[in-house]
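Chemist: Following this message is one structure expressed as structure tokens.
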Amino acid sequence: MTFSVQELAERVSGRVEGDPNRAVHGVAPVASAGPEQLTYIVGSKYLRYLADCEAAAVLVPTDLAVPANGKTLIRVESPELAFSTLLKVFHPPRIPPEGVHPSVVLGPGVELGTGVSIGPHVVIDGEAIIGAGSIIGAHTYVGYGVRIGDGTRIDPGCSVLEGAVLGKRVRLHCGARISSDGFGYTRGPDGPVKIEQIGLCILGDDVEVGANSTIDRGSLGDTVVGNGTKIDNLVHIGHNCSIGRNCYIVAQVGIAGSTVIGDGVRLGGQVGVAGHITIGDGAAIAAGSGTMTNIPAGEIWSGRPARRHRDWLRASSAFYKLPDLLRRVSALERAAEDIDDEEA
Amino acid sequence: MTFSVQELAERVSGRVEGDPNRAVHGVAPVASAGPEQLTYIVGSKYLRYLADCEAAAVLVPTDLAVPANGKTLIRVESPELAFSTLLKVFHPPRIPPEGVHPSVVLGPGVELGTGVSIGPHVVIDGEAIIGAGSIIGAHTYVGYGVRIGDGTRIDPGCSVLEGAVLGKRVRLHCGARISSDGFGYTRGPDGPVKIEQIGLCILGDDVEVGANSTIDRGSLGDTVVGNGTKIDNLVHIGHNCSIGRNCYIVAQVGIAGSTVIGDGVRLGGQVGVAGHITIGDGAAIAAGSGTMTNIPAGEIWSGRPARRHRDWLRASSAFYKLPDLLRRVSALERAAEDIDDEEA
Amino acid sequence: MTFSVQELAERVSGRVEGDPNRAVHGVAPVASAGPEQLTYIVGSKYLRYLADCEAAAVLVPTDLAVPANGKTLIRVESPELAFSTLLKVFHPPRIPPEGVHPSVVLGPGVELGTGVSIGPHVVIDGEAIIGAGSIIGAHTYVGYGVRIGDGTRIDPGCSVLEGAVLGKRVRLHCGARISSDGFGYTRGPDGPVKIEQIGLCILGDDVEVGANSTIDRGSLGDTVVGNGTKIDNLVHIGHNCSIGRNCYIVAQVGIAGSTVIGDGVRLGGQVGVAGHITIGDGAAIAAGSGTMTNIPAGEIWSGRPARRHRDWLRASSAFYKLPDLLRRVSALERAAEDIDDEEA
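This is the structure in structure tokens:
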């Protein structure tokens, strides 16, 4: 696959500075790009890589001052976004063939949209609706009455159980479990008694769920994940949670039931969020932290229990001074006793 | 589906106050129940919802004083338990049809009890025994010689490997891995050498295991989970652990090998429990905590490393005062120096 | 299965002290071994078990002084290693039959080595190469062009996606997800935009991956796990990580993207490792800890944020003295005020 720099620039509405006819065969990071590859830098701190860079062309921000050194540049608003677009030109995602594999088991009343691809050994229970152009990978199970929007892609080995409602262009990675039962029990005479979970599990458009993550259906109400939210691997989202739009939820995060998370929230890896609390729009929680209290919109919190990031930074830096502090306080106490003795 | 208030009351041995003939079509939480729905409250703090509640009837505790305002009440010992019973009346769990799907692969000597339902693409290896009335969901693998008790339900995509012994009415959610190998190695001349894991993985009656959780088989001895214990999603239980009866183990908990956990223990989300320790009956560990030491029966512990909850509360509240404390100690030291100077 | 003590000793190059003709029918831990079983102890602290031990023979270290009490001993360099060898003699792992099950779906151009065993309902996409003697368990999916080395064993329900390159004698436990997409996005005009992940996911020889663990493929570069590294259940390894040889990575560890981990590193359960950092050869991180900074070779670190283990031990022990320390500082301040008052 070969394109001229000019052809690539046009695909991302970029402006060429240098040789528009140079041939590009592929893409690579700036540190390793060869003379027939396209690369990119996102800002001035990466300029140092350009001196030795042999790339055919470099995507750079529109307004970045780049030393004139004979490099061919493609000026774009967001080099990373442009690069991600051109990456797909050279490495288009492999799309399985349209159609229903003969090993697929379909229940009664299943509706398949046009152009779907249903892979080997898939099982789809009755009344489920699969939107046009959707791809269901091998060994995936789709439960009774599930609704899946157009252009959704489910990788092999997922479970999408009764109660699931998936939007358009949703992506589930291998082993994701959508609409599994929430953890709901009441006390019976002989031990815990299960409370049937009957709510929905609604994933908005463009939601992505990582490998082996689990999102439980609502108990009486619904669990909701907003449009554009991206969820990494091994994440747990409890029943009745409401997650906003365009959030980033990194690997191994756990969110307990009935918690409300706003739009654009970022949760770092292994974060724990208690049940029945609220995380405001645009808030962020640093990796490894855990919160049992609400977090206001736009704030960054850290620690277990979490507090404002700067408060945690100070306390956490003081933490390793604690043994020394104990010694200092003991010294002060001894000094105070000496004074008392002197005074006595 | 319609029932009179009286009919529903009889199913939960309740006593009606108000109109026993009112029609009920469904159930809902107290905050949103409509005039044809049944709801419940568990205690006086929810009485404030009753003023505006239009529900056909409200399950309330036997001894709760409820203002006379025309509501129809059903008095029961445990409204939540009664509600969970009536929830199943209106929303009976969908049961797959009896029988063995033609795509199922059965090894030699497999014994299937009466009334089992074995879903599409299930694989059951030789000599396995599936109890009467059990349901094995699509794509589940059952290993050689596994024994599964009556009335057990395994959701799609699980693995129940050789060495597993499941009791009656066990419930496995999607992607649960039962009797996988424990993490056991010894040092060989060229690196770690695997120690074969040959123990059992025994789940008692009424155990529930959440989606994508993993419970390893014993190494030489056995891993055991007691009757009635409920395990949430993405939990890990290491080899040779012994978990008691009626425990609650919340999502993403990890329990290292050979640890003994008593009856009625509650472990919050993301708790870590070290190997070879003992957690006493009725103990609880707060979400996000980690313990490397034994915990006595009946105590609540928190923190990493965990301590008694009230000690952790105090220490953890003091933690964020540390930067201020450092300043105060420095001030005391300066003052002490001034005194020394004055005395000198 | 019966062997004489002498026969077993020869299999592990051991030297018999006592009765070489005694019959052995099985193996057991030292605390429970019966008169026809073999057992082992690794050092002097287990000598106390020998007094009441009825075992047919005991594997003991070459140089361990054992009281003469009529026991039959087998002297070996590493009793645990010898025991693990003899364990397999009595409990050989069950090997599924060679061949390709009729329900398997093979894409075009798949190459199967001699003696492979491909279990029921397995799906292998085009151009994949499965090495000689490999075992692919039921319901596993192998993606386009994947390469799997000789003698690899994949348990049921795994996904090995495009980009995966597995060495020889790799072992994947149930539900492992290899070469799933990394968590890579850039900001677009309407929210996050996915960056296609095109790198490889390379597992070296003798790597073992636990149940439901996930290892993402590289974004532009590759994710690499070195020879002999052992990974427990529910572990997450992000894109572009480079993990060394002979590491132990315990359950629920999370390693963020682009981090470099040396050889022989040990990560305890639930450890979190930030992205773009370096953990030196032979370093260890205690269970439940999290590091955002590099760790030098050979050091043991603990805590969140992690520090050298002894520093963490001191600080963490001081932590629970904090409430008392606050009182002591207040007392000193009051005393200082009294002095000021006296002086005034």
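Protein sequence lines, in the order shown, are assigned to chains P, X and C.
Going letter by letter, the first sequence gives residues -4 to 339 in this note's numbering.
Going letter by letter, the second sequence gives residues -4 to 339 in this note's numbering.
Going letter by letter, the third sequence gives residues -4 to 339 in this note's numbering.
We treat Cβ as the ideally placed atom computed from N, Cα and C, and that holds for glycine.
#1: Could you check if D58/P is buried or exposed, using at least 16 other CB atoms within 10 Å of its CB as the buried criterion?
#2: Taking C-alpha atoms, which residue in G121/P, T135/P, G144/P lies nearest to G128/P?
#3: Around the Cβ of D211/C, are there at least 16 other Cβ atoms within 10 angstroms (buried) or fewer (exposed)?
#4: State the Cα-Cα distance for the pair P91/X and Y139/P, rounded to the nearest angstrom.
#5: Counting contacts by CB-CB distance shorter than 9 Å, is A269/C in contact with chain P?
#6: Name the residue from C169/X, R142/X, C153/X whose alpha carbon lies nearest to the alpha carbon of G162/X.
#7: For D276/P, which residues of its own chain have a beta-carbon under 8 Å away from its beta-carbon, when the five flanking residues on both sides are left out?
#8: Measuring alpha carbon to alpha carbon, tell me which residue in G233/C, G13/C, S312/C is nearest A51/C.
#9: Can you give me the Cβ contacts of L215/P inside the same chain, cut-off strictly under 7 Å, excluding the 5 residues immediately before and after it?
#10: Please report how far the alpha carbon of G221/P lies from the alpha carbon of D200/P, in whole angstroms.
#11: If I'm right that P15/X touches Q1/X with Cβ under 8 Å, what's the distance once you round it to whole angstroms?
#12: Along chain C, in chain order, which residues have C-beta atoms closer than 9 Å to that of A310/X?
#13: When the Cα atoms are used, what is the spatial distance from V19/C to S27/C?
#14: Between G283/C and Q265/C, what straight-line distance do the alpha-carbon atoms span, to the nearest angstrom?
#15: Using DSSP bridges, identify the partner residues of C236/C.
#16: Does P300/X get closer than 9 Å to chain B when you measure Cβ to Cβ?
#17: Give the list of continuous beta strand (DSSP E) stretches no shorter than 3 residues that lie fully inside the region 8 to 68 of chain X.
#18: Helix, strand or coil for K189/X? Go by DSSP, reduced to three states.
#19: What did DSSP end up calling V155/X once you bin it into helix, strand or coil?
#20: Please go through the same chain and pick out, in chain order, the residues whose beta-carbon is closer than 7 Å to the beta-carbon of Y180/P, but skip the five residues on each side of it.
#21: Suppose the cutoff is 6 Å on Cβ atoms and the five residues either side in sequence are ignored; what does the same chain contact list for Y243/P look like?
#22: Answer with buried or exposed for N362/X, where buried requires no fewer than 16 other C-beta atoms within 10 angstroms of its C-beta.
#23: What did DSSP end up calling V220/X once you bin it into helix, strand or coil?
#24: How far does the alpha helix (DSSP H) with R309/P in it reach, from first residue to last?
#25: Taking DSSP as the reference, what is the three-state secondary structure of R212/P?
#26: Is I125/P close to chain C? Criterion is C-beta to C-beta, closer than 9 Å.
#27: Please work out which residues of its chain come closer than 6 Å, Cβ to Cβ, to L42/P, disregarding the five sequence neighbours upstream and downstream, and give them in chain order.
#28: Roughly how many angstroms separate the alpha carbons of R148/P and L167/P, rounded to a whole number?
#29: Can you give the Cα-Cα distance for V55/X and T254/P, rounded to whole angstroms?
#30: Note the first and the last residue of the continuous alpha helix (DSSP H) segment covering R6/P.
#31: Below 8 Å CB to CB, which residues in the same chain sit around S39/P once its five sequence neighbours on both sides are set aside?
#32: Give me the Cα-Cα distance between P103/P and R89/X, rounded to the nearest whole angstrom.
#33: Compare the C-alpha of S174/P against each of V100/X, V11/X, G121/X, D150/X and name the closest.
#34: Pick out whichever of G94/C, M(-4)/C, G263/C has its Cα sitting closest to the Cα of V268/X.
#35: What is the C-beta distance between V71/P and G9/P, in whole angstroms, given that I count them as a contact (C-beta under 8 Å)?
#36: So within the region 252 to 332 of chain X, which uninterrupted beta strand (DSSP E) runs reach at least 3 residues, ignoring any that extend past its ends?
Modeler: With the structure as the only source:
#1: Translated into positions along the first sequence, residue 58/P becomes position 63. Exposed, by the Cβ-count rule.
#2: The residue you call residue 128/P lines up with position 133 of the first sequence. For the residues G121/P, T135/P, G144/P, the minimum Cα distance to G128/P belongs to G144/P.
#3: Within the third sequence, residue 211/C is the residue found at index 216, counting from 1. Buried, because 16 or more other Cβ atoms sit within 10 Å of the Cβ of D211/C.
#4: Indexing the second sequence from 1 puts residue 91/X at position 96. Indexing the first sequence from 1 puts residue 139/P at position 144. About 10 Å.
#5: Locating residue 269/C in the third sequence gives position 274, where the first residue counts as 1. So yes, A269/C belongs to the interface.
#6: Locating residue 162/X in the second sequence gives position 167, counting from the first residue. Comparing Cα positions, the closest option is R142/X.
#7: Locating residue 276/P in the first sequence gives position 281, where the first residue counts as 1. Hits under 8 Å: G239, G257, D258, G259, V260, A292, G293.
#8: On the third sequence, position 56 is the one that residue 51/C refers to. Looking at the Cα atoms, G13/C is the closest of the given residues.
#9: Residue numbering aside, residue 215/P sits at position 220 when the first sequence is read from its first letter. Excluding positions up to five away in sequence, the list reads I193, G194.
#10: Translated into positions along the first sequence, residue 221/P becomes position 226. Translated into positions along the first sequence, residue 200/P becomes position 205. Their Cα atoms are separated by approximately 8 Å.
#11: Position 20 of the second sequence, counting from 1, holds the residue named residue 15/X. Position 6 of the second sequence, counting from 1, holds the residue named residue 1/X. About 4 Å separates the two Cβ atoms, so the contact holds.
#12: Looking up residue 310/X in the second sequence gives position 315. Chain C residues near A310/X: F314, Y315, K316, L317, P318.
#13: The residue labelled residue 19/C in the question sits at position 24 within the third sequence. The residue labelled residue 27/C in the question sits at position 32 within the third sequence. Their Cα atoms are separated by approximately 15 Å.
#14: Locating residue 283/C in the third sequence gives position 288, where the first residue counts as 1. Locating residue 265/C in the third sequence gives position 270, where the first residue counts as 1. Those two C-alpha atoms are separated by around 5 Å.
#15: Position 241 of the third sequence, counted from the start, is the residue given in the question as residue 236/C. Bridge partners of C236/C: none, in fact.
#16: Looking for chain B here will not work: the only protein chains present are P, X and C.
#17: 10 to 12, 32 to 35, 52 to 56
#18: Indexing the second sequence from 1 puts residue 189/X at position 194. In this structure, K189/X counts as strand in the three-state DSSP scheme.
#19: Numbered from 1 along the second sequence, position 160 holds the residue referred to as residue 155/X. DSSP places V155/X in strand when its eight states are reduced to three.
#20: Here residue 180/P is taken as the residue at index 185 of the first sequence, counted from 1. Cβ neighbours of Y180/P beyond the five flanking positions: P187, V188, K189, I190.
#21: Stepping through the first sequence from its first residue, residue 243/P is reached at position 248. Here the set comprises K225, R261.
#22: Because chain X here runs from -4 to 339, residue 362/X falls outside it and cannot be looked at.
#23: Counted from its first residue, the second sequence places residue 220/X at position 225. Strand, per DSSP.
#24: On the first sequence, residue 309/P is found 314 positions in, with the first residue counted as 1. First-last of the alpha helix (DSSP H) with R309/P: 304 to 314.
#25: By 1-based counting over the first sequence, the position of residue 212/P is 217. Coil, per DSSP.
#26: Residue numbering aside, residue 125/P sits at position 130 when the first sequence is read from its first letter. With 9 Å as the cut-off, I125/P does not count as an interface residue toward chain C.
#27: Here residue 42/P refers to the residue found at position 47 of the first sequence. Within the same chain, L42/P has no close Cβ partners at all.
#28: As a working note, residue 148/P is residue 153 in the first sequence. As a working note, residue 167/P is residue 172 in the first sequence. Going from the Cα of R148/P to the Cα of L167/P covers about 6 Å.
#29: Reading the second sequence from its first residue, position 60 is the one you call residue 55/X. Reading the first sequence from its first residue, position 259 is the one you call residue 254/P. Each residue's Cα considered, the two are about 26 Å apart.
#30: Here the question's residue 6/P lines up with position 11 in the first sequence. Element bounds for R6/P: 0 to 6.
#31: Against the first sequence, residue 39/P aligns to sequence position 44. Excluding positions up to five away in sequence, the list reads L59, A60.
#32: The residue given as residue 103/P occupies position 108 in the first sequence. The residue given as residue 89/X occupies position 94 in the second sequence. Each residue's Cα considered, the two are about 15 Å apart.
#33: As a working note, residue 174/P is residue 179 in the first sequence. Residue D150/X is the option with its Cα nearest to S174/P.
#34: Residue numbering aside, residue 268/X sits at position 273 when the second sequence is read from its first letter. The option with the nearest alpha carbon to V268/X is G263/C.
#35: In the first sequence, the residue the question calls residue 71/P occupies position 76. In the first sequence, the residue the question calls residue 9/P occupies position 14. Contact flag correct, Cβ pair sits at about 4 Å.
#36: 295 to 297
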